[in-house]
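Going down the list, the sequences are from chains A and B. FYI, numbering that gives the first Met the number 0 numbers position 96 of the first sequence as 95, with every residue one higher than the one before it. FYI, numbering that gives the first Met the number 0 numbers position 308 of the second sequence as 307, with every residue one higher than the one before it. Beta carbons: idealized from backbone N, C-alpha and C, even for Gly. Since we're looking at a predicted model, the values are computed, not measured. The structure appears right after this line, and notes come after that.
2 protein chains.
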Amino acid sequence: MSVTLAIDAMGGDHGVVVTVPAACDFLEKHADVKIALVGDPDLIKQVLSKSPKAPMERIQIIPASEVVLMDDPIEVALRRKKDSSMRVAIEQVKEGAADAVISSGNTGALMAISRYILKTLEGVDRPAIATAIPNELGRGTTMLDLGANADCEPMHLVQFAQMANVMVQVVDGKQNPSIGLLNIGEEVIKGNEVVKQTSELLRQTSLNFYGNVEGNDIFKGTTDIVVCDGFVGNVVLKASEGLAKMMSGMIREEFNRSLMTKIMAVCAMVPLLRVRKRVDHRRYNGAVLLGLRGCVIKSHGSADSYAFGFALDRAYEAAKNRMVERIAAAFVVETKV
Amino acid sequence: MSVTLAIDAMGGDHGVVVTVPAACDFLEKHADVKIALVGDPDLIKQVLSKSPKAPMERIQIIPASEVVLMDDPIEVALRRKKDSSMRVAIEQVKEGAADAVISSGNTGALMAISRYILKTLEGVDRPAIATAIPNELGRGTTMLDLGANADCEPMHLVQFAQMANVMVQVVDGKQNPSIGLLNIGEEVIKGNEVVKQTSELLRQTSLNFYGNVEGNDIFKGTTDIVVCDGFVGNVVLKASEGLAKMMSGMIREEFNRSLMTKIMAVCAMVPLLRVRKRVDHRRYNGAVLLGLRGCVIKSHGSADSYAFGFALDRAYEAAKNRMVERIAAAFVVETKV
């Protein structure tokens with residue numbers, strides 16, 4: 000079976016200079032992949048011309064005259080830019096012309112247009128955004144929701160767990176993944192009302208529910224999946240990015256302080272680069288929009304070609320292993336029980 | 000004016016071997032301080048005997064026969080252990096014998112016993128826990144609540160902002176500190192209902208309200224104060240601790256990999272130690288329990304003497320600058336407006 004990926008070629012901070020080369024690299028690695036590049040044909044061809052070895056027979060260029068900007072309000076992206084590269088790429092999935100869509104564009108717009116075009120799966124009340132976060136075990140902890148749903152009911156969190164359960168099996172090949180519910184620990188009150196009720200509901204499912212986990216468990220890798228509402232998930236994700244940036248900034252600053260420390264930096268280069276590689280968020284690029292009738296992958300807006308390749312990997316694995324169909328099936332079973 | 004600090008000498012993972020030497024060091028630095036060491040007199044005297052220069056005329060030993068354990072349920076700490084070092088130390092503040100109390104014990108128990116013994120200030124619905132978190136600017140971002148209140152109403156968050164506003168002026172000497180409301184950004188929905196309403200209320204106060212901030216702003220130092228509910232605050236704090244631990248663990252691991260990398264580690268020691276010092280959480284030890292009729296400082300359970308000294312610093316600054324009275328006054332003004 001061949002897999003067709005639709006790429007919003009114009010999305011993200013860098014657009015075609017990132018998406019097109021990443022697409023060519025990916026095609027080279029995967030003989031069973033076809034790619035539809037959606038956007039300004041001239042710009043796309045210009046970059047393609049720099050990759051003379053690109054397998055043109057597996058590349059299709061689909062024109063789209065507009066671009067959703069990173070700071071476009073959702074309404075503008077959804078109602079006014081009907082010929083945006085993002086929307087046209089999503090439509091490829093809707094029409095069955097592509098198996099998955101990948102965009103580095105505005106998350107809010109991507110979710111809104113995907114919901115509008117693709118619709119949610121039966122039994123899913125709220126789509127959610129899931130991503131893997133590097134942990135001490137060298138694997139990723141899959142966390143969701145990361146911002147699609149600020150206010151959640153217990154039933155929504157249970158559905159997030161059900162969807163992530165399928166996603167991790169499909170994308171990471173991990174059978175029966177363990178699921179933790181993000182909560183607070185030893186402090187005065189253990190959890191808010193929503194979390195307490197969610198915990199009871201999760202115990203009644205057939206999921207491999209570990210129980211409550213705390214903030215530090217995300218990085219310990221205590222469970223394969225960590226479930227929380229989109230407010231908490233978004234804040235934790237951004238705080239973690241901020242802390243990692245602060246720490247690496249300080250390391251850079253201290254090694255740049257004098258000629259002596261610069262020499263030290265050269266000496267320490269190998270281990271420091273290894274650390275950087277281990278926590279390199281680019282290797283975890285590619286958040287999955289779960290709960291839609293189609294496979295939608297969100298790449299980080301600032302992704303470079305290397306990072307964008309990982310988002311393509313996720314899309315490929317999800318499409319090839321029929322993630323959406325399997326989530327749909329899980330919901331049919333779950334709702335009938 | 001002299002300041003008397005009551006120390007729960009038995010609290011935390013290490014008890015007297017940390018609290019007593021830290022107290023002696025602190026007395027040496029501050030001639031205007033007296034310290035009441037609360038706990039097992041024999042154990043306290045044993046450690047004191049190792050500090051022959053300790054100014055015994057400024058040290059009082061107050062016996063307490065029980066200890067609140069780190070995993071004691073709140074009910075046990077509150078109802079059964081009526082002669083715990085934690086409780087007796089808090090009572091010193093209630094009776095006016097001490098100006099502040101410092102404990103490394105169980106946070107939940109400390110908050111519960113403090114509320115029971117000291118009561119909350121007039122106009123304050125919910126006490127909160129605040130601490131400073133290292134930021135890129137080399138100062139601390141004061142964040143609250145960190146776990147005392149998992150479910151918050153908008154009015155509670157406004158009160159947290161009012162209390163932190165006084166705390167930062169008093170403890171950090173920063174006039175008119177800026178206040179950010181922790182929220183989510185560009186994603187689908189901007190904030191949950193509580194945050195939206197809180198934002199409107201904060202705009203109506205005389206506080207220096209900056210507006211919404213995101214997770215990464217905590218470490219950027221965008222505002223002096225970041226307000227959130229105790230669920231979010233606790234999760235972010237613990238996730239940050241977990242990430243910092245993971246990163247420093249990886250650095251250690253990579254430099255320990257071979258003889259060659261160990262030599263590199265020696266070369267890189269100076270800048271790496273400087274980084275460690277800059278983000279050393281021990282320098283930010285000492286969370287403040289705000290909203291009580293008395294000054295209560297929570298030290299980290301695993302604090303060593305160096306870290307415990309910083310908690311004593313916070314207690315000293317808060318007591319000397321009459322933090323509690325100033326919070327009380329702010330609430331009288333605010334509630335009259």
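{"Asked": "Exposed unless 16 or more other CB atoms sit within 10 angstroms - verdict on residue 114 of chain B", "Found": "buried"}
{"Asked": "Run of the alpha helix (DSSP H) containing residue 26 of chain A, from where it starts to where it stops", "Found": "15 to 28"}
{"Asked": "C-beta neighbour in chain A for residue 211 of chain B, strict 7 Å", "Found": "no"}
{"Asked": "Within 7 Å, strictly: CB atoms of residue 15 of chain B and residue 8 of chain B", "Found": "yes"}
{"Asked": "Runs of beta strand (DSSP E) lying entirely within the region 79 to 123 of chain B, each at least 3 residues, in chain order", "Found": "99 to 102"}
{"Asked": "Residue 74 of chain A beta carbon near the ligand MG (any heavy atom closer than 6 Å)", "Found": "Looking at this structure, you won't find the ligand MG or any other ligand, since it has none at all."}
{"Asked": "Reduced DSSP secondary structure (H/G/I, E/B, other) of residue 222 of chain B", "Found": "coil"}
{"Asked": "Cα-Cα separation, residue 93 of chain A to residue 291 of chain A", "Found": "11 Å"}
{"Asked": "Spatial neighbours of residue 149 of chain B in its chain, beta-carbon cut-off 6 Å, leaving aside the 5 residues before and after", "Found": "229, 230"}
{"Asked": "Residue environment, residue 78 of chain A, which counts as buried when at least 16 other CB atoms sit within 10 Å", "Found": "exposed"}
{"Asked": "Residue from B:96, B:99, B:127 whose Cα sits closest to the Cα of residue 111 of chain B", "Found": "B:127"}
{"Asked": "Any alpha helix (DSSP H) of 4 or more consecutive residues that is wholly inside the region 140 to 226 of chain B", "Found": "153 to 170, 192 to 202, 214 to 219"}
{"Asked": "Same chain, Cβ closer than 8 Å to residue 0 of chain B, neighbours up to 5 away in sequence not counted", "Found": "31, 319"}
{"Asked": "Minimum Cβ-Cβ distance from residue 49 of chain B to chain A less than 7 Å", "Found": "no"}
{"Asked": "Contacts of residue 242 of chain B in chain A (Cβ-Cβ under 7 Å)", "Found": "218, 239, 242, 243"}
{"Asked": "As assigned by DSSP and simplified to three states, the class of residue 126 of chain A", "Found": "coil"}
{"Asked": "Sheet register partners of residue 60 of chain B (DSSP bridge)", "Found": "B:36"}
{"Asked": "As assigned by DSSP and simplified to three states, the class of residue 69 of chain A", "Found": "coil"}
{"Asked": "Inter-residue Cα distance where the pair is residue 134 of chain A and residue 277 of chain A", "Found": "9 Å"}
{"Asked": "Local Cβ density within 10 Å of residue 337 of chain B, reported as buried at 16 or more and exposed below that", "Found": "Nothing can be reported for residue 337 of chain B, as the shown portion of chain B is limited to 0 through 336."}
{"Asked": "Touch test, the region 281 to 301 of chain B against the region 94 to 103 of chain B, Cβ-Cβ under 8 Å, three pairs minimum", "Found": "yes"}
{"Asked": "Collapsed DSSP secondary structure at residue 5 of chain A in the structure displayed", "Found": "strand"}
{"Asked": "Assigned secondary structure, residue 329 of chain B (DSSP; H/G/I helix, E/B strand, else coil)", "Found": "helix"}
{"Asked": "Span of the beta strand (DSSP E), counted from its first residue to its last, around residue 289 of chain B", "Found": "286 to 289"}
{"Asked": "Short CB-CB distance (under 7 Å) between residue 251 of chain B and chain A", "Found": "no"}
{"Asked": "Closer than 7 Å at the beta carbon, the chain B residues around residue 254 of chain A", "Found": "270"}
{"Asked": "Near-chain B residues of the region 159 to 171 of chain A (beta-carbon distance less than 8 Å), N- to C-terminal order", "Found": "none"}
{"Asked": "Continuous alpha helix (DSSP H) assignments of at least 4 residues falling wholly in the region 249 to 290 of chain A", "Found": "258 to 278"}
{"Asked": "Cβ contact check for the region 314 to 328 of chain B and the region 153 to 160 of chain B: 3 or more pairs under 8 Å", "Found": "no"}
{"Asked": "Where the region 0 to 17 of chain A meets chain B: residues whose CB sits under 9 Å from a CB there", "Found": "none"}
{"Asked": "Best match in A:142, A:66, A:43 for proximity to residue 108 of chain A [C-alpha to C-alpha]", "Found": "A:66"}
{"Asked": "Option nearest residue 178 of chain A by Cα separation, candidates A:43, A:57, A:141, A:27", "Found": "A:141"}
{"Asked": "Under 7 Å between C-beta atoms of residue 37 of chain A and residue 73 of chain A", "Found": "no"}
{"Asked": "Contact under 7 Å by Cβ, residue 170 of chain A with residue 316 of chain A", "Found": "yes"}
{"Asked": "Within chain B, the residues that residue 277 of chain A reaches when beta carbons sit closer than 7 Å", "Found": "249"}
{"Asked": "Residue 178 of chain A at chain B interface by Cβ criterion, 7 Å", "Found": "no"}
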